[in-house]
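J.: Below: one structure in structure tokens.
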Amino acid sequence: MRDEPTGVFDQALVDSVSAALDALGPTVKESIFLLLQRRNSISPDQIPKLVGEFVKALQDVLGPTARVVEKLIIAGLIARKQVPANIAQGRSLLEVVGAVRMSQISQS
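Numbering-wise, the sequence shown is residues 93 to 200 according to our numbering.
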């Protein structure tokens, strides 16, 4: 059973991750998704629910390059109008997602 992304933000996050990994090339992207699935049991659709685990797994796989990928993911969220640039500035992906989740809770 797949965990489908729920909501516009979750789908934008999945799309931003995919686009960021595209920058590394299709073979690298597929390898990373395969490693995430095998080592950490994280499928692309589960990333919104497991952001902390995803970031850690990305760091384990890519080392310092993971931070660059995080920035590309954040840029994708900004481009998709899911995160204001001022909220994202200087923050990690985990911090940005946390800030968005907190604002979603306070708005509901």
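Where a beta carbon is used, it is the ideal one built from N, C-alpha and C, also for glycine.
What is the rounded straight-line gap between the Cα of F125 and the Cα of P118?
T.: Looking up residue 125 in the sequence shown gives position 33. Looking up residue 118 in the sequence shown gives position 26. Near 11 angstroms, if we compare the C-alpha coordinates of P118 and F125.
J.: Starting from the C-beta of V109, find all residues in its chain whose C-beta is less than 6 angstroms away, skip the five residues before and the five after it, and write them out in chain order.
T.: Here residue 109 corresponds to residue number 17 of the sequence shown, with the count starting at 1. Counting only Cβ-Cβ distances below 6 angstroms, and skipping sequence neighbours, we find I139, I165.
J.: For Q196, count neighbouring Cβ atoms within 10 angstroms of its own Cβ and tell me buried if that reaches 16, exposed if not.
T.: The residue you call residue 196 lines up with position 104 of the sequence shown. When all chains shown are included, Q196 counts as exposed.
J.: Less than 8 angstroms between the CB atoms is what I'm expecting for R172 and D102, so what's the real figure, rounded?
T.: On the sequence shown, residue 172 is found 80 positions in, with the first residue counted as 1. On the sequence shown, residue 102 is found 10 positions in, with the first residue counted as 1. No, R172 and D102 are not in contact; Cβ-Cβ is about 12 angstroms, not under 8 angstroms.
J.: For G99, does the three-state DSSP call read helix, strand or coil?
T.: Position 7 of the sequence shown holds residue 99. Here G99 sits in helix by DSSP.
J.: Going by the CB atoms, is the gap between K121 and L128 shorter than 7 angstroms?
T.: Here the question's residue 128 lines up with position 36 in the sequence shown. Here the question's residue 121 lines up with position 29 in the sequence shown. Taking 7 angstroms as the Cβ cut-off, L128 and K121 do not qualify as a contacting pair.
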